[in-house]
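Input: a single structure, listed below in structure tokens.
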Amino acid sequence: MPDSPAGPPTPPIPLTELLAREELGLRRIAGPDRADLLWVHTSEMADPYPYLLGGELLLSAGVLLTDAETDADTYVARLVEAGAAALGFGVAPVHDTVPEALVEACDRHGLPPLEVPPGTPFTAIARAVWRLMAEARHRELRRVTRAQQALAAAAARPDPVPAVLHQLAVQLEGRVVLLTAEGGELHAAGGPPPREERAALVQLSRVVSTDRRPSPASATDTLDGTQLAAYALDGGQGLALALATPRRDPGVHTVAGIAVVLLALLTAPHQGADAAGRSAALVRVLLGASPQEVAPLLADDGALWTVVHARRADGRAPDRLTAGALGASLGSPLVDAGPDTVRVLLAGPGGATAQTGWILGASAPCPATALPAADTEAASRPGPRGGDPRPAGHAPHGHRRPGRADPCRPGRGPRPRAAGPAHRAAGRDAALLAEPARQLGPDSRGPQGPPQHGPPAHRPMRDAAGEGPGRHGRAHGAVGRAALTSRRDHR
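Per UniProt numbering: the sequence shown = residues 1 to 491.
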């Protein structure tokens, strides 16, 4: 078969779908019952081989096929060599029936011959094929759109890498695995592959993750009717996505390409100047520098830091890819994935926002010298579950934590809280993440100065399980009313 350009941007049309169009009256009279059509071409040449791309339904009335006994076998052999998918033979005006020698040659070479009745123009067949292609293309676009939405939603989950792989396996009805450059399995979905299949996938992954440059972005193979493919993930870690699917078509490649982009973003380390700064900070710490000396290398706004402790809401242990995705959501590459807890360092005065699927606890913003104490504070502050709009580490409305020393202000006691409108505005701000609260009563006076009040208590929000405030919520409301009454008394 001659070298051919890529096929059309449509899925191939099964021959059975064309035969099902009753208005055409086509009939398969020999050869295999399965074939995929990519094009329609009409030719009366004795040897159309030079003009075929492969995958054609070739239509002919046999004008030059005068000596069927002699010419049929050579004619069909050349069509098969060119990659033709099927032969449509028009009955009349040249031949009253499809020549028996042509039927036998088609059966011998595995090319399905179709009988085209006299009342069916070749253009009607071509139009039917193009219409089927348009319908198939529309179905494929809808399929790809659904897969893209499902993969994007999976990438937003707290465990994005396993979720994307699971959704990819569902969409492709196959098996997927994320492999390291050495062939080790990081995550898999769709069931365990047979031993031979897994070995073939590992081999393909090594083709695309090789150190040689340039290396292919993808590689494909077939094993016992199963379509195998491997895709390199850009990011410098040598990771590869390997697939085993029951079929290979443009839609499979498109959906896999979407997953490759998402996985590359989720697994790639931060590059460029940020990585250089972190590397320099690590070297200086190992050589004896203090935290405050290397903090400016880790962030432009490195004067204050917040320590975040995060645990999976479902109780499962976090892995390094899931921990990295959490750090990206919080806006920091400084992540430590422990056996049960992920620790994240956030630069700047801002706090951490709630993350779906995670339970967060956060310290108050503090200088680098107080990070060990902030780490202890974050561990003791169980924050809201994901989906709660309050900042992590923020106390529920109506509760106030007992006064205690601020780890970022050693020996100075609890940070005083201002009263009045500025205080009410601060109560709505994420900066409350950093503030130790004082015990709230209807009239809580400090040892000196005017009375101090916490922010007004609001109606308690429903928690992640959908439970209402109940008895404690009513108590919180009473505290809030007492606080408002006290505030009016002091105006």
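Glycine included, each C-beta is placed from N, C-alpha and C at the ideal position. Here the structure is a predicted model, which means the values were calculated and not measured.
{"Item": "Buried or exposed (CB count within 10 angstroms, at least 16 for buried), Val283", "Value": "exposed"}
{"Item": "One or two residues paired with Arg175 in a DSSP bridge", "Value": "Ala244"}
{"Item": "Paired residues, beta bridge with Trp305 - DSSP", "Value": "Ala347, Cys366"}
{"Item": "Simplified DSSP assignment, three categories, for Pro93", "Value": "coil"}
{"Item": "Short Cβ contact (8 Å threshold) for Val307 with Ala354", "Value": "no"}
{"Item": "Proximity below 8 Å, CB of Val76 to CB of His41", "Value": "no"}
{"Item": "Residue environment, His309, which counts as buried when at least 16 other CB atoms sit within 10 Å", "Value": "buried"}
{"Item": "Assigned exposure category for Thr369 - 16 Cβ within 10 Å defines buried", "Value": "exposed"}
{"Item": "contact_flag[the region 155-174, the region 26-43] where n(CB pairs < 8 Å) is 3 or more", "Value": "no"}
{"Item": "Residues near Glu140 in its chain [Cβ-Cβ closer than 6 Å; skip 5 each side]", "Value": "Pro11, Gly251"}
{"Item": "Other residues of its chain near Ala61: CB distance less than 6 Å, five sequence neighbours each side excluded", "Value": "Gly90, Val94"}
{"Item": "As assigned by DSSP and simplified to three states, the class of Leu201", "Value": "helix"}
{"Item": "Ordered list of beta strand (DSSP E) runs contained in the region 56-82, each at least 3 residues", "Value": "56-60"}
{"Item": "Where Glu140 falls: helix, strand or coil (DSSP)", "Value": "helix"}
{"Item": "Arg312: CB within 7 Å of a non-hydrogen atom of the ligand FAD", "Value": "This structure lacks the ligand FAD; in fact it carries no ligand of any kind."}
{"Item": "Nonlocal neighbours in the same chain, by C-beta distance under 6 Å from residue 496, ignoring five residues either side", "Value": "In the structure displayed, the chain extends from 1 to 491; residue 496 sits before or after that span and is not available."}
{"Item": "One or two residues paired with Val335 in a DSSP bridge", "Value": "Val344"}
{"Item": "Bridge partners - Trp39, DSSP secondary structure assignment", "Value": "Glu56"}
{"Item": "Residue from Ser363, Trp305, Leu265, Arg78 whose Cα sits closest to the Cα of Leu326", "Value": "Leu265"}
{"Item": "Residue nearest to Ala364 in terms of C-alpha spacing, selected from Thr245, Thr356, Leu345, Gly257", "Value": "Leu345"}
{"Item": "Sequence-distant residues of its chain with Cβ nearer than 8 Å to Gly183 (five each side left out)", "Value": "Val202, Ser205, Arg206"}
{"Item": "Contact with chain C by Arg316, beta-carbon distance below 8 Å", "Value": "The chain inventory of the structure shown lacks chain C, comprising one protein chain alone."}
{"Item": "Ser209 burial status per 10 Å Cβ neighbour count (16 or more: buried)", "Value": "buried"}
{"Item": "Identity of the residue in Val116, Val80, Leu111, Leu334 nearest Ala92 by Cα", "Value": "Val116"}
{"Item": "Bridge partner(s) assigned by DSSP for His187", "Value": "Leu178"}
{"Item": "Burial state of Gly468, where buried means 16 or more other Cβ atoms lie within 10 Å", "Value": "Reliability fails at Gly468, whose pLDDT of 42 lies under 50, so the model's placement of it is uncertain and no value is given."}
{"Item": "Among Ala188, Gly324, Ala128, nearest to Leu24 - alpha-carbon criterion", "Value": "Ala128"}
{"Item": "Contact between the region 222-231 and the region 132-146 (3+ Cβ pairs under 8 Å)", "Value": "no"}
{"Item": "Same chain, Cβ closer than 8 Å to Leu330, neighbours up to 5 away in sequence not counted", "Value": "Val308, Val344, Leu346, Ala352, Thr353, Gln355"}
{"Item": "Same chain only: Cβ atoms within 8 Å of Pro447, ignoring 5 sequence neighbours per side", "Value": "Note that Pro447 scores 40 on pLDDT, short of 50, meaning its location in the model is unreliable and no value can be drawn from it."}
{"Item": "Alpha-carbon spacing of Ser350 relative to Ala152, whole angstroms", "Value": "Correcting the residue type first, residue 350 is Gly in the shown sequence and not Ser. Roughly 28 Å separates the two Cα atoms."}
{"Item": "Buried versus exposed call for Thr245 [16 or more other C-beta atoms within 10 Å across all chains shown]", "Value": "buried"}
{"Item": "Ala229 vs Ser218 beta-carbon contact at 8 Å", "Value": "yes"}
{"Item": "Residue of Arg28, Val260, Arg248, Ile29 minimising C-alpha distance to Tyr231", "Value": "Val260"}
{"Item": "Whole-angstrom distance between Gly31 and Gly88, CA atom to CA atom", "Value": "12 Å"}
{"Item": "Per-residue burial, Ser332 [other beta carbons within 10 Å of its own, 16 or more giving buried]", "Value": "buried"}
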